[in-house]
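Student: Numbering (the numbering used here), first residue to last: 1203 to 1542. Heads up, the beta-carbon is just placed ideally off N, CA and C, and yes, glycines get one too.
Here it is, written out as structure tokens:
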């Protein structure tokens, strides 16, 4: 009963934050959202989980302080708490830093890999997807008042660090954290020029990441070594995971390529072709570790000697109904990205 109430509070706080038009109300809802997710992170009663909950709380509390500072300063300068009245450059930049810290973009991204690694797969799913909706909605509202140069720099740095950080990871949760950082970079990079493209990118990422984490939780897959034996658990899960990872990497003609194509088109339209070229080159870094993961999943057979240890997994025959959701979702990702 208590878990259900906390989950309802998590959902309501996000909905209220996205529907609010006052910075004071948005700050209050974001605080409730942070307090609601903390019991899920520390539920396992493991030192890593407690450490992850502490790091998450301190980071979110710092971001909330910056948000309240920016909102208060803007109310003092303009006489209103309205989100659309952010004409001052200092307050709008401070608000941008606070909201990007909550989402996990460079340079305030260091908490995300550690928090995801210390959480369960389902909790990591919530942090990577649901927890980004409220800050992104607030950024969408104030996108007209954000400095374009600042968002372009944040976006390019996030795509670069997200790609470099994920290349050397053997833990899937850390790899997905750096993938989240890179995708947040693609979201922020076009926030001031075409906010709708940013929203398309973030929701496409959420739709792709949700079945990925569900498959990992379903097959008890947490490391790259576990990925090598995933085919023995379920060939269907292996194929589904491969398509999901390649789509998240933005490989055409899968649907994950569509938001990147829209963002690239917008950057070229704004005469930012060199920046668009650099962003596309940094996406190759993310593609490299995605291809490595899919290679281990589909093309590499694990050692079959008697001395090799294989992670125990529950047989998938009793869980066919649980895999229908990610399978049905993935079937829509094979659509060619032909929308201009």
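Quick one: what does DSSP say residue 1333 is sitting in, helix, strand or coil?
Tutor: Sequence index remark: in the chain shown, residue 1333 carries index 131 (1-based). DSSP, read as helix, strand or coil, puts residue 1333 in helix.
Student: For residue 1480 and residue 1308, I'd like the C-alpha separation in whole angstroms.
Tutor: Residue 1480 sits at position 278 when you count from the first residue of the chain shown. Residue 1308 sits at position 106 when you count from the first residue of the chain shown. In a straight line, the C-alpha of residue 1480 is about 16 Å away from that of residue 1308.
Student: Compute the beta-carbon to beta-carbon distance between residue 1373 and residue 1319, rounded to the nearest angstrom, for a pair I have assumed lies under 8 Å.
Tutor: As a working note, residue 1373 is residue 171 in the chain shown. As a working note, residue 1319 is residue 117 in the chain shown. Residue 1373 to residue 1319, Cβ: 6 Å. Contact.
Student: I'd like to check one pair, residue 1360 with residue 1379: are the Cβ atoms closer than 8 Å?
Tutor: Taking the chain shown and counting its residues from 1, one reaches residue 1379 at position 177. Taking the chain shown and counting its residues from 1, one reaches residue 1360 at position 158. Not in contact: residue 1379 and residue 1360 (Cβ atoms no closer than 8 Å).
Student: When DSSP labels each residue in this structure, what does residue 1262 get in the three-state scheme?
Tutor: Position 60 of the chain shown, counted from the first residue, corresponds to residue 1262. DSSP, reduced to helix, strand and coil, places residue 1262 within a helical segment of the structure shown.
Student: Measuring alpha carbon to alpha carbon, tell me which of 1209, 1254, 1267, 1211 ends up nearest residue 1225.
Tutor: Position 23 of the chain shown, counting from 1, holds the residue named residue 1225. Selected option, being the one with the closest Cα: 1267.
Student: Could you check whether residue 1450 and residue 1499 sit closer than 8 Å to each other, using their CB atoms as the reference points?
Tutor: Position 297 of the chain shown, counting from 1, holds the residue named residue 1499. Position 248 of the chain shown, counting from 1, holds the residue named residue 1450. In this structure, residue 1450 does not lie closer than 8 Å to residue 1499 by Cβ.
Student: Along the chain, which unbroken stretches of the beta strand (DSSP E) at least 3 residues long are found entirely within the stretch 1405–1474?
Tutor: none
Student: Name the DSSP bridge partner or partners of residue 1373?
Tutor: Within the chain shown, the letter at position 171 stands for residue 1373. DSSP output for residue 1373 lists 1425 as bridge partner(s).
Student: In this structure, how does DSSP classify residue 1204 when only helix, strand and coil are distinguished?
Tutor: Your numbering for residue 1204 matches position 2 in the chain shown. Note: residue 1204 maps to helix in three-state DSSP.
Student: Using a Cβ-Cβ cut-off of 6 Å (strictly less than) and excluding sequence neighbours within five positions of residue 1333, which residues of its own chain qualify?
Tutor: Position 131 of the chain shown, counted from the start, is the residue given in the question as residue 1333. In its chain, beyond the 5 residues on either side, no residue has a beta carbon closer than 6 Å to the beta carbon of residue 1333.
Student: Can you check which of these residues, 1261, 1218, 1316, 1251, is closest to residue 1303 by C-alpha distance?
Tutor: Here residue 1303 corresponds to residue number 101 of the chain shown, with the count starting at 1. Taking only the C-alpha atoms, the option nearest residue 1303 is 1261.
Student: Between residue 1465 and residue 1403, how many whole angstroms is the CB-CB distance? I'm expecting something under 8 Å.
Tutor: Residue mapping note: residue 1465 aligns to position 263 of the chain shown, counting from 1. Residue mapping note: residue 1403 aligns to position 201 of the chain shown, counting from 1. Contact flag correct, Cβ pair sits at about 6 Å.
Student: If residue 1297 and residue 1338 are in contact, beta carbons under 8 Å, what's the gap, nearest whole angstrom?
Tutor: As a position in the chain shown, residue 1297 is number 95, starting the count at 1. As a position in the chain shown, residue 1338 is number 136, starting the count at 1. In fact, because the Cβ distance is near 13 Å, the residues do not count as touching under 8 Å.
Student: Return yes when the C-beta of residue 1245 is under 7 Å from any heavy atom of the ligand HEM, and no when it is not.
Tutor: Absent from the structure shown: the ligand HEM. Ligands present: none.
Student: Going by beta-carbon coordinates alone, are residue 1390 and residue 1420 separated by less than 8 Å?
Tutor: Walking along the chain shown from the start, residue 1390 turns up at place 188. Walking along the chain shown from the start, residue 1420 turns up at place 218. Their beta carbons are not under 8 Å apart, which means residue 1390 does not touch residue 1420 by this criterion.
Student: For residue 1400, collect the residues of the same chain with a Cβ closer than 6 Å to its Cβ; drop the 5 residues on either side in sequence, then sort them by chain order.
Tutor: Counting from one through the chain shown, the residue named residue 1400 turns up at place 198. Contacts found: 1389, 1392, 1393.
Student: Pull up the DSSP beta-bridge partners for residue 1224, would you.
Tutor: As a working note, residue 1224 is residue 22 in the chain shown. Residue pairing for residue 1224: DSSP places it in a beta bridge opposite 1284.
Student: Which one of 1281, 1286, 1349, 1207 has the shortest CA to CA distance from residue 1222?
Tutor: As a working mapping, residue 1222 is identified with position 20 in the chain shown. Nearest C-alpha to residue 1222: 1286.
Student: Ignore the nearest five residues each way along the sequence and tell me which others in residue 1472's own chain have a CB closer than 7 Å to its CB.
Tutor: Taking the chain shown and counting its residues from 1, one reaches residue 1472 at position 270. Taking residue 1472 as the centre and dropping the five residues before and after it, the same chain places the C-beta of 1395 closer than 7 Å to its C-beta, in chain order.
Student: Is it right to say residue 1288 is buried, meaning 16 or more other beta carbons lie within 10 angstroms of its own, or is it exposed?
Tutor: Residue mapping note: residue 1288 aligns to position 86 of the chain shown, counting from 1. Its Cβ being crowded by 16 or more others within 10 Å, residue 1288 is buried.
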